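Trainee:
There are 2 protein chains.
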Amino acid sequence: MNDSAKTDRIRLSAEDWEDAALGLIAEQGVGALAVEALARQLGVTKGSFYWHFRTREALLQAALERWEQYGEREVIDQIKAIADPRERLPELFRRVAHERDPHRVYAALLKALDHPLVVPVMARVSQRRIEFLTEVYREAGMAARPALNQARLTYAAYVGFLQLNFTLGLPRLSHDEFDEYVAHMLATLTPQS
Amino acid sequence: MNDSAKTDRIRLSAEDWEDAALGLIAEQGVGALAVEALARQLGVTKGSFYWHFRTREALLQAALERWEQYGEREVIDQIKAIADPRERLPELFRRVAHERDPHRVYAALLKALDHPLVVPVMARVSQRRIEFLTEVYREAGMAARPALNQARLTYAAYVGFLQLNFTLGLPRLSHDEFDEYVAHMLATLTPQS
DNA sequence: TGTCGTCAATACGCCTCCGTACGGTTGTGA
DNA sequence: TCACAACCGTACGGAGGCGTATTGACGACA
Chain E
1494 MNDSAKTDRI
1504 RLSAEDWEDA
1514 ALGLIAEQGV
1524 GALAVEALAR
1534 QLGVTKGSFY
1544 WHFRTREALL
1554 QAALERWEQY
1564 GEREVIDQIK
1574 AIADPRERLP
1584 ELFRRVAHER
1594 DPHRVYAALL
1604 KALDHPLVVP
1614 VMARVSQRRI
1624 EFLTEVYREA
1634 GMAARPALNQ
1644 ARLTYAAYVG
1654 FLQLNFTLGL
1664 PRLSHDEFDE
1674 YVAHMLATLT
1684 PQS
Chain Y
1494 MNDSAKTDRI
1504 RLSAEDWEDA
1514 ALGLIAEQGV
1524 GALAVEALAR
1534 QLGVTKGSFY
1544 WHFRTREALL
1554 QAALERWEQY
1564 GEREVIDQIK
1574 AIADPRERLP
1584 ELFRRVAHER
1594 DPHRVYAALL
1604 KALDHPLVVP
1614 VMARVSQRRI
1624 EFLTEVYREA
1634 GMAARPALNQ
1644 ARLTYAAYVG
1654 FLQLNFTLGL
1664 PRLSHDEFDE
1674 YVAHMLATLT
1684 PQS
């Protein structure tokens, strides 16, 4: 039994390294991104790494770009596919509240905002999401400026939610309490229907 | 002109080191807390450090305890001193929105939630603040359960606000836009008066 | 079948930072 | 003035992580 992620492919590509890097970031944070650790996890040595990347920073950069491009589209597209605009907010909230995995990289990156490479990426991603939220609020019937402010507020609540509930494990809510909280959130952050 | 924080006291105490550590954490994050860097900043060498602390972790621990004990009381006490309970929320919001310094350590600690020492501290502090917020909401006229959920939501919005506006510098709002956002926040997170 | 490009192993040097050992200085009280 | 504790400097050992150099294995393709 191979201990973990030892894919039995003999040779690796740059993309394999980037994916592995994102996995490691999601699990242990950006600080834990070391080339020898990654190499061990992939079942090879550093010799391989420095063929694909000039430096450790280059890997981080590439992994972040990969995440920014491919990891984001999904949620937004799926939400946009919902016909009734008023149904989009509730569905969005439900996803965020109950699906943990898609947010792990984002949460990990949130803890690495001291690193100069991740700040611009997070700024772009957050900006884009806020714009998307604004759009959804507008389609739900709000005027332009309130929609923008509401989007900012909702997104801030999302970010704080990640920190408090996921990474901090804070409220230690029971299942019912949690659902009640999500319902409350939905009620106060959704335009009065 | 001494370049920065070179206090002209000849000899240092453990508290001096803890304060300097908190300052460094606020400016550059927990990861930048290195004993030789701190020693340079204080104008001494490691020899001094290891007289006061057994290890680097011990300093972090002590600094965090110091922050948890002394750095928090202030805001809560000042808010509690406001006579009219309905005035407390707006004042609290104003403070958070416009005073940057008191939140710098908290924001820095938010980016260090991968470190095992800071998680319990942040959990306790956040928990206490949420309880305080719940109290304020109750005094403003809300029932028990809604007040609790509202407090959680408001605090999540606060945490996200820190990340997006302060550390990410995200919305790049003008002064007026910013005030408008704060007003919006206040309007939707304050019980209907 | 030989050659070339691709991917990987090994070994090494270097730097940074932690922690230790020990010797030196300064203040203070007997 | 002597002794001792508090505080600090210097020097060193060692671990961990980055990057380089060199060589080796292996498949594709002429």
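Chains E and Y, in that order, give the protein sequences. Per the numbering used here, the very first residue in the first sequence carries number 1494; after that it's consecutive. Per the numbering used here, the very first residue in the second sequence carries number 1494; after that it's consecutive. Glycine is no exception: its CB is placed at the ideal position from the N, C-alpha and C atoms. Predicted model, so just to flag it, every value in this text is computed and none were measured.
Run through the region 1512-1595 of chain E for me and flag every whole alpha helix (DSSP H) of 4 or more residues, listed as ranges in chain order.
Mentor: Segments of the alpha helix (DSSP H) lying fully in the region 1512-1595 of chain E: 1528-1535, 1539-1545, 1549-1563, 1566-1573 and 1578-1591.
Trainee: Please compile the residues from chain Y whose C-beta is within a distance smaller than 8 Å of the C-beta of E1673/E.
Mentor: Near E1673/E (Cβ distances below 8 Å), the residues of chain Y are R1638 and N1642.
Trainee: Run the CB neighbour count on S1619/Y, radius 10 Å, all protein chains shown included, and call it buried at 16 or more, exposed below.
Mentor: Per the 10 Å Cβ criterion, buried.
Trainee: Show which residues of chain E have a CB atom less than 7 Å away from the CB atom of T1660/Y.
Mentor: Within chain E, the residues near T1660/Y are L1606.
Trainee: Between A1649/Y and G1522/Y, which are expected to be in contact by the criterion C-beta below 8 Å, what is the C-beta distance as a whole number of angstroms?
Mentor: Not confirmed; about 22 Å, so no contact.
Trainee: Starting from the Cα of R1638/E, find the closest Cα among R1621/Y, M1615/Y, Y1674/Y and A1514/Y and give me that residue.
Mentor: Per the Cα distances, Y1674/Y.
Trainee: Taking L1553/Y as the reference, give the member of A1605/Y, K1573/Y, E1592/Y and D1577/Y with the closest Cα.
Mentor: It is A1605/Y.
Trainee: Quick check on V1652/E - is its C-beta less than 7 Å from some C-beta in chain Y?
Mentor: Interface residue, yes.
Trainee: Are W1560/E and L1515/E close, meaning C-beta to C-beta below 7 Å?
Mentor: In contact: W1560/E and L1515/E (Cβ atoms closer than 7 Å).
Trainee: What did DSSP end up calling R1631/E once you bin it into helix, strand or coil?
Mentor: Note: R1631/E maps to helix in three-state DSSP.
Trainee: If you measure from the beta carbon of Q1656/E to each beta carbon in chain Y, is any gap under 7 Å?
Mentor: With 7 Å as the cut-off, Q1656/E counts as an interface residue toward chain Y.
Trainee: Taking D1607/Y as the reference, give the member of R1566/E, E1520/E and Q1643/E with the closest Cα.
Mentor: Comparing Cα-Cα distances from D1607/Y to each of R1566/E, E1520/E and Q1643/E, the minimum goes to E1520/E.
Trainee: Would you kindly work out how many angstroms separate the C-alpha atoms of L1646/E and V1537/Y, rounded to a whole number?
Mentor: Those two C-alpha atoms are separated by around 46 Å.
Trainee: Do A1513/Y and L1535/Y have their CB atoms nearer than 7 Å?
Mentor: Yes, they are a contact pair.
Trainee: State the DSSP-derived secondary structure class of Q1656/Y, mapped to helix, strand or coil.
Mentor: Of the three classes helix, strand and coil, the one that applies to Q1656/Y here is helix, per DSSP.
Trainee: Can P1578/E and E1632/E be called in contact, C-beta distance under 7 Å?
Mentor: Yes, Cβ-Cβ distance for P1578/E and E1632/E is below 7 Å.
Trainee: Flag this pair as touching only if the region 1567-1587 of chain Y and the region 1679-1686 of chain Y have three or more C-beta atom pairs under 8 Å; answer yes or no.
Mentor: Yes, they touch.
Trainee: Could you tell me whether the Cβ of K1499/Y comes closer than 7 Å to any Cβ of chain E?
Mentor: Because K1499/Y sits at a pLDDT of 37, beneath the cut-off of 50, its placement in the model cannot be relied upon, and the following sentence gives the value as read from the coordinates. No - not a single Cβ of chain E is within 7 Å of the one on K1499/Y.
Trainee: Going by DSSP, what residue range makes up the alpha helix (DSSP H) through R1597/Y?
Mentor: First-last of the alpha helix (DSSP H) with R1597/Y: R1597 to L1603.
Trainee: When you compare each of E1670/E, L1517/E and M1635/E to L1557/E by their alpha carbons, which one comes out closest?
Mentor: Out of E1670/E, L1517/E and M1635/E, L1517/E has the C-alpha closest to the C-alpha of L1557/E.
Trainee: Tell me where the alpha helix (DSSP H) around L1682/Y begins and ends.
Mentor: Per DSSP, L1682/Y belongs to the alpha helix (DSSP H) from H1668 to L1682.
Trainee: Quick check on Q1643/E: buried or exposed, where buried means 16 or more other Cβ atoms within 10 Å of its Cβ?
Mentor: Q1643/E is buried by the Cβ-count criterion.
Trainee: On the CB-based measure, 16 or more other CB atoms within 10 Å of its CB, does E1567/E come out buried or exposed?
Mentor: E1567/E is exposed by the Cβ-count criterion.
Trainee: Does DSSP put P1613/E in a helix, a strand or coil?
Mentor: Looking at P1613/E - three-state DSSP - the assignment turns out to be helix.
Trainee: Assign Y1651/Y to one of two classes, buried (16 or more other C-beta atoms within 10 Å of its C-beta) or exposed (fewer than that).
Mentor: The residue in question, Y1651/Y, is buried, as its Cβ has 16 or more Cβ neighbours within 10 Å.
Trainee: Just to confirm, are F1542/Y and A1527/Y a CB contact at a threshold of 7 Å?
Mentor: It is not a contact, given that the beta carbons lie outside the stated cut-off.
Trainee: Tell me whether H1668/E is buried or exposed, calling it buried when 16 or more other Cβ atoms sit within 10 Å of its Cβ.
Mentor: Classification of H1668/E: exposed, given that the 10 Å Cβ count is below 16.
Trainee: For a contact defined as C-beta to C-beta under 7 Å, what are the partners of Q1603/E on chain Y?
Mentor: In the sequence as displayed, the identity of residue 1603/E is Leu instead of Gln. Here the neighbours are Q1656.
Trainee: Within the 7 Å Cβ cut-off, does G1634/E reach chain Y?
Mentor: No, because no Cβ of chain Y sits closer than 7 Å to the Cβ of G1634/E.
Trainee: Please tell me whether A1576/Y and E1511/Y are closer than 7 Å, where the distance is taken between their beta carbons.
Mentor: Going by C-beta atoms, A1576/Y is not nearer than 7 Å to E1511/Y.
Trainee: Measuring CA to CA, which of F1654/E, R1665/E, L1641/E and L1655/E is closest to P1684/E?
Mentor: The shortest Cα separation from P1684/E among F1654/E, R1665/E, L1641/E and L1655/E belongs to L1641/E.
Trainee: In angstroms, rounded to a whole number, what distance separates the CA positions of E1529/E and G1524/Y?
Mentor: Taking the straight line joining both Cα atoms gives about 20 Å.
Trainee: Quick check on the burial criterion: 16 or more other C-beta atoms within 10 angstroms. Buried or exposed for H1591/E?
Mentor: Classification for H1591/E: exposed.
Trainee: Helix or strand or just coil, what does DSSP make of R1623/Y?
Mentor: Sequence check: residue 1623/Y is Ile here, not Arg. If DSSP states are grouped into helix, strand and coil, I1623/Y belongs with the helices.
Trainee: Between the region 1612-1633 of chain E and chain Y, which residues of the former have CB atoms less than 9 Å from a CB of the latter, in chain order?
Mentor: Cβ contacts with chain Y: V1612, M1615, A1616, S1619, Q1620 and I1623.
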